[in-house]
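Going by full-length UniProt numbering, the letters in the sequence shown line up with residues 1 to 122, in that order.
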Amino acid sequence: MDDGRPIFLQIAEQIESSIIDGSLAEETQVPSTNELAAFHRINPATAAKGVNQLVDDGILYKKRGIGMFVSPGAQAKLRQRRRDQFAEQYLQPLFTEAAKLGIEGSELRAMIEHHLTKEQQA
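And the structure:
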């Protein structure tokens, strides 16, 4: 757990990451709030707040008397949301700084290609 952000958000993000990487498939039951609370040693109400946020977002749904399950289409929805966040968090500042430095689009593309090639070779 990261001390800088609310625990319920971290719980929600952990579940989201499990959905994105496929370890929690669509229509799969997610751990109960009591299981999450015991595992992370937190108050069950805190775990429930994270799970309920995902229900409100349409990522999870409740089967009465059984538990929470991953909604159909949740993985695609989360991937798109994370892509949008990625663009906002990383690309927009990159473009802003490139403009300040007078880096044209073609030069920026070449720089990115160069770094991608280096990463693939490593």
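Even glycine gets a Cβ: it sits at the ideal position worked out from N, Cα and C. Since this is a predicted model, take the numbers as computed values, not measurements.
Here's the rule I'm using: 16 or more other beta-carbon atoms within 10 Å means buried, otherwise exposed. How should E27 be labelled? exposed
Could you tell me if P31 is buried or exposed, where buried requires 16 or more neighbouring beta carbons within 10 angstroms of its beta carbon? Counting Cβ neighbours within 10 Å, P31 comes out buried, since at least 16 surround it.
Using beta-carbon positions only, say whether F8 and T46 come within less than 8 Å of one another. yes
Along the chain, which unbroken stretches of the beta strand (DSSP E) at least 3 residues long are found entirely within the region 35-76? Runs found: 60-63 and 67-70.
Per DSSP, Q29 forms a beta bridge with which residues? F69
Flag this pair as yes or no: are the beta carbons of A74 and I11 separated by less than 8 Å? At a Cβ-Cβ threshold of 8 Å, A74 and I11 do not count as neighbours.
For R5, which three-state DSSP category applies? coil
Give me the Cα-Cα distance between H115 and L91, rounded to the nearest whole angstrom. 15 Å
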